[in-house]
Amino acid sequence: MKPIANVKSVRKKPKRPRGLGIRYSDINVQKRIEVYNFSMEKVKEMISKNELNLHELSRIIMRNYGVYVSPVTIRDWILYKRHPLRNPQLNPIIRAPRRPPDPQIIPTTLGLLYSDLHHCISFNTLVFVLTTPYEAFARSVAALYQGYGYVSVMPVLCENLPTWKLHIYLDKESWSKMLTVPPSSLSREEKRTFLARVIDGDGWLSPSYKRNKLSFYIGIATSYINKARLFSELFQEFGYHPIITSRPPRAHYIYGRKIKQKRRAYILMLCRRGDVIDFLRNVKFIHPMREVRRKWALKMIDNGVDVEGAKKIWHYLFQVERTARLYSKLKSALILSKRRDIFDIIEDLKEKYAESVRLLRQLREELMF
11 MKPIANVKSV RKKPKRPRGL GIRYSDINVQ KRIEVYNFSM EKVKEMISKN
61 ELNLHELSRI IMRNYGVYVS PVTIRDWILY KRHPLRNPQL NPIIRAPRRP
111 PDPQIIPTTL GLLYSDLHHC ISFNTLVFVL TTPYEAFARS VAALYQGYGY
161 VSVMPVLCEN LPTWKLHIYL DKESWSKMLT VPPSSLSREE KRTFLARVID
211 GDGWLSPSYK RNKLSFYIGI ATSYINKARL FSELFQEFGY HPIITSRPPR
261 AHYIYGRKIK QKRRAYILML CRRGDVIDFL RNVKFIHPMR EVRRKWALKM
311 IDNGVDVEGA KKIWHYLFQV ERTARLYSKL KSALILSKRR DIFDIIEDLK
361 EKYAESVRLL RQLREELMF
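First residue of the sequence shown: 11, per my numbering; consecutive thereafter.
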């Protein structure tokens with residue numbers, strides 16, 4: 011008799027059901043949604059009769075469509091509201107062979123990671139996640155990484171707030187090394203790109219009208235003093251003069267819910283007129299509205315627009331951004347309404363969007379005259 015130490019345990023593979031038809035994951039997008047809608051109708055009928063049986067429902071789907079759907083998948087549809095939304099028109103999925111990062115993408119990635127981009131590791135995959143109310147911003151970032159791996163943009167509901175989520179799936183081995191690159195080791199132009207991407211995520215550009223003279227300032231908000239000091243040091247390398255201020259935690263109300271910040275906010279500001287103009291002339295933003303504001307700021311400075319004219323133009327740009335944000339949220343909510351009951355949120359967004367469009371048209375008429 012052989013000793014137990016030499017006996018190899020053999021793990022049996024799970025058996026697949028006999029007569030298994032086409033797998034659900036192998037059918038096209040439209041067929042998946044059709045099967046899903048059929049399944050939800052059958053679920054309602056079974057619940058009304060108090061006869062819900064997931065295995066029986068799986069067999070019904072097989073008889074009607076010749077497609078095998080696991081009872082576990084049906085359970086996830088019912089309990090976790092998971093929907094097979096993979097329509098290329100609404101959620102374009104870009105697949106590309108995974109490859110290492112190019113040198114020009116490193117400062118952009120680092121800048122986004124220091125602001126709105128988050129990352130996690132799953133087995134051999136490095137996942138970047140970006141959540142934003144602006145669909146255009148999510149798609150602009152997705153366009154930068156579509157040649158490096160798997161990219162997906164989809165609408166989600168976050169704290170009862172319709173928004174957009176970007177997922178980027180990259181090769182862990184080659185991309186994880188990039189996460190340890192210190193921004194101080196970048197070249198001079200790469201540091202400009204790094205700071206521009208930080209502003210894309212957590213920064214803003216605003217006008218100042220002190221002493222009846224038009225100027226602009228750049229701000230970056232963060233909850234970590236070390237980040238603010240790092241950004242300040244990088245700005246100082248260009249001969250700029252940033253300042254750092256702080257403010258206590260604030261409370262925000264979103265659809266009746268009070269959300270209170272837990273940490274102090276540290277705000278880095280670049281206020282000197284020459285510093286701001288020089289920085290804006292040497293960078294480009296990937297956030298659509300940040301780039302529009304940058305171009306208009308330089309245009310107003312070059313043309314010598316007076317304070318009153320600048321106020322009207324900037325108020326109009328503010329309303330354009332607000333309207334674009336509401337449209338993006340409304341589009342997300344309308345897509346999500348196919349699988350979730352968010353009628354109240356949609357009606358609220360429709361009212362706000364209609365009011366925003368009305369005000370935008372009014373401001374446009376004032377500018378034209």
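Glycine included, C-beta positions come from ideal geometry on N, C-alpha and C.
Local Cβ density within 10 Å of residue i, reported as buried at 16 or more and exposed below that
| i | result |
| --- | --- |
| residue 121 | buried |
| residue 159 | buried |
| residue 21 | Residue confidence is low: residue 21 scores 40 on pLDDT, short of 50, so the model does not pin down where it sits. No coordinate-derived value is stated. |
| residue 300 | buried |
| residue 243 | exposed |
| residue 219 | exposed |
| residue 133 | exposed |
| residue 304 | buried |
| residue 57 | exposed |
| residue 127 | buried |
| residue 354 | exposed |
| residue 186 | exposed |
| residue 289 | buried |
| residue 67 | buried |
| residue 32 | exposed |
CA nearest to the CA of residue i, picked from the options
| i | options | result |
| --- | --- | --- |
| residue 175 | 157, 184, 138, 198 | 138 |
| residue 43 | 211, 71, 128, 322 | 71 |
| residue 82 | 282, 328, 65 | 65 |
| residue 180 | 201, 167, 135 | 135 |
| residue 368 | 329, 355, 378 | 329 |
| residue 190 | 129, 312, 293 | 129 |
| residue 123 | 40, 258, 209 | 209 |
| residue 171 | 375, 373, 63, 356 | 356 |
| residue 292 | 234, 47, 204, 61 | 204 |
| residue 125 | 373, 298, 211, 289 | 211 |
| residue 109 | 312, 156, 69, 311 | 156 |
| residue 284 | 311, 89, 332, 294 | 311 |
Nearest-angstrom Cβ-Cβ length linking residue i and residue j, presumed shorter than 8 Å
| i | j | result |
| --- | --- | --- |
| residue 118 | residue 207 | 5 Å |
| residue 213 | residue 229 | 6 Å |
| residue 261 | residue 268 | 6 Å |
| residue 286 | residue 227 | 6 Å |
| residue 317 | residue 222 | 6 Å |
| residue 322 | residue 280 | That belief does not hold up - the Cβ atoms of residue 322 and residue 280 are roughly 25 Å apart, past 8 Å. |
Beta-carbon proximity check, residue i vs residue j, cutoff 8 Å
| i | j | result |
| --- | --- | --- |
| residue 111 | residue 184 | yes |
| residue 45 | residue 75 | yes |
| residue 345 | residue 165 | yes |
| residue 77 | residue 115 | no |
| residue 145 | residue 348 | no |
| residue 150 | residue 296 | yes |
| residue 215 | residue 307 | yes |
| residue 154 | residue 352 | no |
| residue 231 | residue 277 | yes |
| residue 182 | residue 131 | yes |
| residue 35 | residue 87 | no |
| residue 251 | residue 202 | no |
| residue 173 | residue 339 | yes |
| residue 270 | residue 258 | no |
| residue 193 | residue 140 | no |
| residue 273 | residue 225 | no |
Spatial neighbours of residue i in its chain, beta-carbon cut-off 6 Å, leaving aside the 5 residues before and after
| i | result |
| --- | --- |
| residue 371 | none |
| residue 324 | 217 |
| residue 200 | 117 |
| residue 198 | none |
| residue 375 | none |
| residue 62 | 56 |
| residue 79 | 34, 68, 71 |
| residue 315 | none |
| residue 256 | 274, 276 |
Residues of its chain near residue i, where Cβ-Cβ distance is below 8 Å and the 5 sequence neighbours each way are ignored
| i | result |
| --- | --- |
| residue 336 | 359, 362, 363, 366 |
Residue i beta carbon near the ligand GTP (any heavy atom closer than 7 Å)
| i | result |
| --- | --- |
| residue 61 | Among the components modelled here there is no ligand, and therefore nothing to report on the ligand GTP. |
Contact with chain D by residue i, beta-carbon distance below 8 Å
| i | result |
| --- | --- |
| residue 231 | Protein chains in the displayed structure number just one, and chain D is not present. |
Contacting residues, own chain, Cβ-Cβ under 7 Å from residue i (five flanking each side not counted)
| i | result |
| --- | --- |
| residue 196 | 117, 204 |
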